[in-house]
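Protein chains in written order, with our numbering: chain E, 1217 to 1304; chain U, 12 to 249.
The beta carbon of each residue, even a glycine, is placed where N, CA and C say it ideally should be.
This one's a predicted model, so the numbers in the text were calculated from it and none came from an experiment.
Below: one structure, written as structure tokens.
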Amino acid sequence: MRYRFEVLVTLKPGLADPQGKAVEASLPAIGFANVTDVHVGRHVGLDVEATSEPEARAQVEEIARRLLSNPVIEDFRVLEPAETDAGS
Amino acid sequence: MTIATPRVGVITFPGSLDDRDALRAVETMGGEGVDLWHADHDLRGVDAVVLPGGFSYGDYLRCGAIAGHAPILDEVRSFADRGGPVLGICNGFQILCEAGLLPGALIRNASLRFICVDVFLRVETSQTTITSELVPGEVVEIPVKHGEGQYVATTEQLRRIEDEGLVVFRYADARGEVTERANPNGSLDNIAGVRSTAGNVVGLMPHPEHAVDPDVGPTGGQPLIASLLGSALAGASA
Chain E
1217 MRYRFEVLVT
1227 LKPGLADPQG
1237 KAVEASLPAI
1247 GFANVTDVHV
1257 GRHVGLDVEA
1267 TSEPEARAQV
1277 EEIARRLLSN
1287 PVIEDFRVLE
1297 PAETDAGS
Chain U
12 MTIATPRVGV
22 ITFPGSLDDR
32 DALRAVETMG
42 GEGVDLWHAD
52 HDLRGVDAVV
62 LPGGFSYGDY
72 LRCGAIAGHA
82 PILDEVRSFA
92 DRGGPVLGIC
102 NGFQILCEAG
112 LLPGALIRNA
122 SLRFICVDVF
132 LRVETSQTTI
142 TSELVPGEVV
152 EIPVKHGEGQ
162 YVATTEQLRR
172 IEDEGLVVFR
182 YADARGEVTE
192 RANPNGSLDN
202 IAGVRSTAGN
212 VVGLMPHPEH
222 AVDPDVGPTG
232 GQPLIASLLG
242 SALAGASA
């Protein structure tokens, strides 16, 4: 079975987030003076071939931990998967 | 009697830019530069290893993240464990952090701008393979050129780094005063470079290999490269 996973990687709270700051600073210019605490992270989508969802999820967790995120500066979250080839 | 020439390996990753300059700096300062390749499991018997600056793998994902898993990093890790001198410059520093050989991480400059400027660094310790010929408090002038050089660490890491004296260089003014104004990228505590607990692994954002030839700018890199060669020689004869 093939499972579609999405992983969100975000900067740890409290760490300087210059990208988030830059977005936040530009919002008043387009009419949103009421927005604060803007953060920018990374979204990674990946298809995993595995015999079961728990097996696939375990692999994605490992991938996220070892490569997609840096534990010093980032947290990650694996979103609920979807089967992508139900018909095959 | 012949005087041994220290052999310093410089690893080329896909996207390395400063490997040639690093080799040239080593040879300018009297060492022998040895080409190393990221995909080999072989350090060719060198006495010291340099991970040069550049944009390995396009710096996709995070700076240094993919290179941190390169085949040759296995050998770099064992070499470092045996006490061998390892120096990471700029992208090389990012790679050593990603590989877990140095504490902390490098993120986008606080200004969000790429910076290319000569900076002054205050030497914080002589107990490393690239500062053995310097004394704490001494100031060296060396260029930086990076977009992601803001040094960060977790609160616990930072406490350990400061308590154990793992900071090697801080951004300072010409007189050695560590000021906010002298901090080009927003690094925590003005940290420009750190070392491993044993002191044989060092990473820094500034580029000593670009600062050895008086014809092209400041020469603050000379004592760093000279120290590295001295450490390499000491290891080779040990």
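- With the rule of 3 Cβ pairs closer than 8 angstroms, the stretch 14-22 of chain U counts as touching the stretch 41-48 of chain U.
- Rounded to whole angstroms, A1238/E and D70/U show a C-alpha spacing of 21 angstroms.
- Measuring C-alpha to C-alpha distances from L199/U to each of R186/U, T166/U, D224/U and D184/U identifies T166/U as the nearest.
- With a cutoff of 8 angstroms on beta-carbon distance, R181/U and I202/U are scored as near each other.
- Taking a Cβ-Cβ threshold of 8 angstroms, the residues of chain U close to I1289/E are A116, I118 and V163, in chain order.
- The DSSP-derived three-state label of K1228/E is coil.
- For the set R1220/E, A1245/E, Q1235/E and T1252/E, the Cα lying nearest the Cα of A121/U is the one of Q1235/E.
- Here H157/U is buried: its Cβ has 16 or more other Cβ atoms, across all protein chains shown, within 10 Å.
- For R171/U, the uninterrupted alpha helix (DSSP H) segment begins and ends at T166 to D174.
- If you check the CB distance, E220/U and D58/U do not come in under 8 angstroms.
- Taking 8 angstroms as the cut-off, the beta carbon of F1292/E is found closer than this to the beta carbon of L1224/E.
- By the Cβ criterion, the stretch 126-139 of chain U is in contact with the stretch 179-198 of chain U, since at least three pairs of Cβ atoms, one from each stretch, lie closer than 8 angstroms.
- Scanning its chain for C-beta atoms nearer than 6 angstroms, with the 5 sequence neighbours on each side dropped, one finds around P234/U the residues E144 and L145, in chain order.
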